[in-house]
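First comes the structure, then the notes that go with it.
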Amino acid sequence: MLNDAIRDQVIDMCYSTKLRRRLLREKDLTLEKVQDIARASEAADQHSAQFEEVHVNRVQVKPDFNAARHQRHDYHSKRKDIECHRCGRTGHIARECTVAMDKTCHKCGKMGHFAKKCKSKKSTKEQGKFYKKEKVRYMEEESSDDSEEYLFAIDRSSEKRITLKIGDVVIPFLVDSGAMCNIINSEIMSKLKKCGVNKIPIEKQLYAYGAINPLMIKSKIRSDITCEESRKCVKADFMVIDGNHTPLLGRSTASELGILLIGPSVNMINTQGDIRSQYSDLFCGLGKLKDYQLKIYIDKNLKPFAQPTRRLPFNIRKSVEEKLCELEEMDVIERVEGPTEWVSPLVVVPKRNSEIRICVDMRRANEAVKRSRHPIPTVNEILQELNGAKVYSKIDLRMGFHQVELEPESRNITTFTTHVGLFRYKRLMFGISCAPEMYQQCIKMALEGCAGQRNISDDIIVYGCTQQEHDERLNKVLDRMREKGPKLNKDKCRFNMDKMTFMGHVLSAKGISPEKSKVEAVTSARNPKTASELTRAKTKWIWSNRHQDAFDELKRLLASAKTLAYYNSSAKTHVIVDASPVGLGAILSQKQSDGNFRPVTFASRTLTDVEQRYSQTEREALAVVWGCERFHLYLYGKEFVLVTDHKPLEVIYSPKSKPPARIERWAMRLQPYTFKILNGKISKSNNLFRFREELSVVDGVLLKGSRIVLPDKLRKQTLQLAHEGHQGIVKTKLRLREKVWWPGIDQDAENLVKSCRACQVVGPLPKQEPIKRTQLPDGPWQDLCADLMGPFPTGEYVFVVVDLYSRWQEVAILKSVTTDKIIRSLDIMFSHHGTPISLKTDNGPQFTSREFYNYLSENGVKHNRSTPYWPQANGEVERQNRTLLKAFRTANAENRDWRKEIPKFLLAYRSTPHSTTGKSPAELLFNRKIRTKLPEIDAENGKDDADTRRKDFEMKEKGKIYADQKRKTRESNIDVGNIVLQKQTKTNKLSTSFEHDPYYVIKREGSQLTLKNNEGNISQRNSSFVKKFNGQINEEETLEYENIGSNIEDRNENEHTDTEVNLRENSSIPSRPKRDKKLPERFKDFVMN
């Protein structure tokens, strides 16, 4: 037991932490075993210290020979044997001791002496808490009174050195901030002799610290020393000593060379490894922006869409599961439990290293994503800021998108389906249309306030005019990264570069130069090798020096600054791609200030043997993917137009397409880009080369056959002459073809006739729009429509009101059609059935007066008016009027009073099942059948609303199809803001179909258009009464229509005035006071016509 207690005390009080850990690792440890291990460790430390002994040298100035010299020499000789009670060494007294002046005693914790000279009696246990092993080297120097300097020669095995040049000799120096002089060894001196260095007298002696005899200083030289890193050169003195000592660079010289910075400043970053070790925590794991969650704005008007699962091959399912587990452990995705509105399919893309990449097909979901338009700096702005920079660093974020967390409400749209269930992203992902620009803004906000940096897409550039400025900025950016939380990609980060490629420009200390790779595709273009590459038909193959010179000149011009343009992130961008059986080509062009497109860069590559076996459609689809990825630096996060001559690509790369597996994988690679595919060439070529066989020159006149080829200046005048008499398109073309010709002559003639104003105003009416079905109201007597019939021969009118749900009719006979009479009739009807929700009428003066408007407003009835001159807009009551009028005519034909026949007709009509609903109006209105003269049995009355609605829909749809086919309807393309021509009433045979002055469309509701001309007149017409106006209008008309377009007023309550509404159709129906007419009593028994 005693040995075990001693063993525990030895381990607990052990001076060496390394030895204590070694003992604790042993099993079945005894006291004897502890002694053996401790002795072995102590012996190893002693032998190691002998090999790694640290020497401290002293440099002593050689004194002058005078009287004072002898006195000082005597004084120093007397104190050689005096021991200092601070450090324990000889040669000086305690008050002159500089060795232990600022050192801490490991025994008592006080400063000014070493532990071996400590007079304190504290225990060994208390000593341990003050002990800390020092690894930092230090320098000490004696007072200037003695002119002695102490130099520290360190272990040569671990210290890093800086390479300097003395003459032509490269020397690795060790920088010591405490050294007061520079030292080189004799081996280096032998190399410097060839450079002709200057020797100078030796004024100092070098002593081994504590030794009596000085070291041997062979010589002292003075020479220029150069540091290439700081680009500085200074003159310095060097002492040459014997032995293989490490060259030492003193404090003064190191400061002059800019290597050693004294004062509060950042650490110099000299290598890639230094920064990676200093910020090692930034290069591990996947980070996340702290205190930030990104919100994706969703269009609520679009209905969510859940796509079906795409089955994965069995051989890759295990890899997919491993990848999903990896992303789930990294907190990038999470499982989805319960129902979800958005579901997108998973797409697996293989990588070159036999791994896979998981992608989500977000094309359908992206239709509901609203983009945030954040400003992106132009390349000229960034280049202006980089002007004068000499040192660059490029920082790349690891899995950049996945370091931005999404708001919980924004995660549902990222839901995707797999064979193991549903998942959704918790972080920003590739494939979302708004991701690039929102990610750009996130990084910009995170680095806000850091000077000398710009973030472009997922890269961060740090720059500085000097090494010190660059390092300060880089440290600040990395500190900000550490504060905000994102992690860096160790393999892609580059630090301290003197040259960097950015947006097609090479940035260096020499300035900005163009990137050679931009024009490599043009300058490396090969010469034509076969006749089929250069000739057509049976043309003879010729390739001489003249052709070679022209080919080289073409390449030079294409690659010259005159042809190439600088990239501008705010300019409209086109990417032109094409594929041949053996290669791919791409051109990035941008619109310039003059309106023309100029190329920015070219690219091309040959196809592999496998790719050459693709179909032409697949090769063209591959060209799109390759072109976008080739120009990724320019296109990422920017909208652009992709131009191709292969029209099927418009459908293949559309959101709703379902292409083959290979092209579908390519479509996934295109998800980070926002583009629109344009088929065909950007501009048409009007050259005559393809017609060269038909062209000839006769008496200086260019002919195509027997027709004159006109230049551009004469074509417009010729078109006007051919259109004299205002003949149609076909005859105008025939006139032109007989005499003249130029490329595109038919299209020019067609455009001229279509834009002729005179031809437009006398042209035919446009096709009517397809019928718009009226939805069945929710219940009876909610939506009504009304109209007036008459005047009849007796001078009376019939006021008809129809319920749109049940088709119930109410009829009132009026002797006058004033607003007061209409209101009185409606009061009676409303007292029977209640107040409706809405009432639809035409634009008669009775219905547009202020009195009628106030009446409906007081009763809470919404007033809807049909389009003027378009009775079809109130078709239900118009159709009922026709049936009612037939009953009146029948009664008149049978010599009966039509007024007395109205109740009989209404009873029969109201009790008869309607052809559209299948039930009688009375049954739908009262939910019961009314009794008539016809025999019947009692039956249970019930409301089958669903069946009514179904039959109503079927009949209306059937009627719509029939009517649309009969009238050959067509959807109208007229919208608000268009200039149109309005149909007018013909007054004679020479009247035009349309008015000559155009109108401006200020409002559209369904097929009803509200029009206004430059005189301020407002009218309403159906879309079939107007047609678009093609052509030019004069400047005065332009100003008028611009004023109309900017001053569209609300025409709700103000349009109801005390007088008649200013509608053009109302002027054709005069409204005058009428007297009551009745048959005299003496003629009551006679039939009067």
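Under full-length UniProt numbering, the sequence shown has 790 at position 790, and the numbering climbs by one with no breaks. Cβ atoms here follow ideal geometry from the backbone N, Cα and C, with glycine treated the same way.
- Ranked by how close their Cα comes to the Cα of D964, the residues F1086, D827, E769, S920 have E769 in first place.
- A direct Cα-Cα distance of roughly 6 Å separates K676 from L642.
- Annotation: M789 to W808 spans about 17 Å, alpha carbon to alpha carbon.
- Between R373 and the set E901, Q441, R317, the nearest pair of CA atoms involves Q441.
- Between the segment 415-429 and the segment 328-337 there are three or more C-beta pairs closer than 8 Å, enough to call the two in contact.
- If you look at T17, you'll find it isn't in any beta strand (DSSP E); it sits in the alpha helix (DSSP H) that goes 17-24.
- In the structure shown, the three-state DSSP call for A94 is helix.
- Only residues of its own chain outside the window of five on either side were considered, and among them R707, I708 have a CB closer than 8 Å to the CB of K739, listed in chain order.
- Residues H419 of the same chain have their beta carbon placed closer than 8 Å to that of R311, with the five preceding and five following residues left out of the count.
- Listed in chain order, the non-local C-beta contacts of C759 below 7 Å within the same chain comprise H726, V753, local neighbours out to five positions each way being set aside.
- The three-state reading of DSSP puts W898 in helix, counting H, G and I together.
- Distances from the CA of I813 to each of K968, F847, P903 were compared; the closest alpha carbon is that of P903.
- Classified as exposed, N895 has fewer than 16 neighbouring CB atoms from the shown chains inside 10 Å of its CB.
- Shown here for D975: same chain residues with a beta carbon closer than 8 Å to its own, the five before and five after excluded, namely V1001, R1004 in chain order.
- Bridge pairing for R335: F423 [DSSP].
- Taken through DSSP and simplified to helix, strand or coil, W741 comes out as strand.
- Going by C-alpha positions, V697 is about 30 Å away from F551.
- The distance from the Cβ of R619 to that of Y869 is about 58 Å, inconsistent with a contact at the 8 Å cut-off.
- Between the segment 660-680 and the segment 619-638, the count of Cβ pairs shorter than 8 Å is three or higher; the stretches touch.
- Under the three-state reduction of DSSP output, N545 falls in the helix class.
- L428 carries a coil assignment under DSSP once its states are collapsed to helix, strand and coil.
- Cβ neighbours of D168 within its own chain (closer than 7 Å, five residues either side excluded): C195.
- Taking C-alpha positions only, Y853 is separated from I979 by approximately 32 Å.
- In the three-state DSSP reduction, P921 falls in the helix class (H, G or I).
- Judged by beta-carbon spacing, I166 lies beyond the 8 Å limit of I82, meaning their Cβ atoms are not closer than that value.
- The beta carbons of N859 and T835 sit closer together than 8 Å.
- Its Cα nearest to that of I358, the residue R317 stands out among A306, R317, E96.
- Taking a cut-off of 8 Å on C-beta distances, the segment 770-784 does not touch the segment 980-990, as fewer than three cross pairs fall below it.
- At a cut-off of 3 residues, the continuous stretches assigned as beta strand (DSSP E) that sit fully inside the segment 852-907 are 862-865.
- With a beta-carbon spacing of about 13 Å, L804 and T841 fall beyond the 8 Å limit used to define contacts.
- DSSP, read as helix, strand or coil, puts M330 in coil.
- Going by DSSP, S831 is part of the alpha helix (DSSP H) stretching over 819-833.
- The beta strand (DSSP E) runs lying completely inside the segment 175-207 and spanning 3 residues or more are 182-185, given in chain order.
- Proximity of the segment 234-244 to the segment 185-193 meets the contact definition, three or more beta-carbon pairs being nearer than 8 Å.
- Per DSSP, D224 is one residue of the beta strand (DSSP E) stretching across 217-227.
- Exclusion of the five residues before and after A891 leaves W898, E901 as the residues of its chain whose Cβ lies within less than 6 Å of its Cβ.
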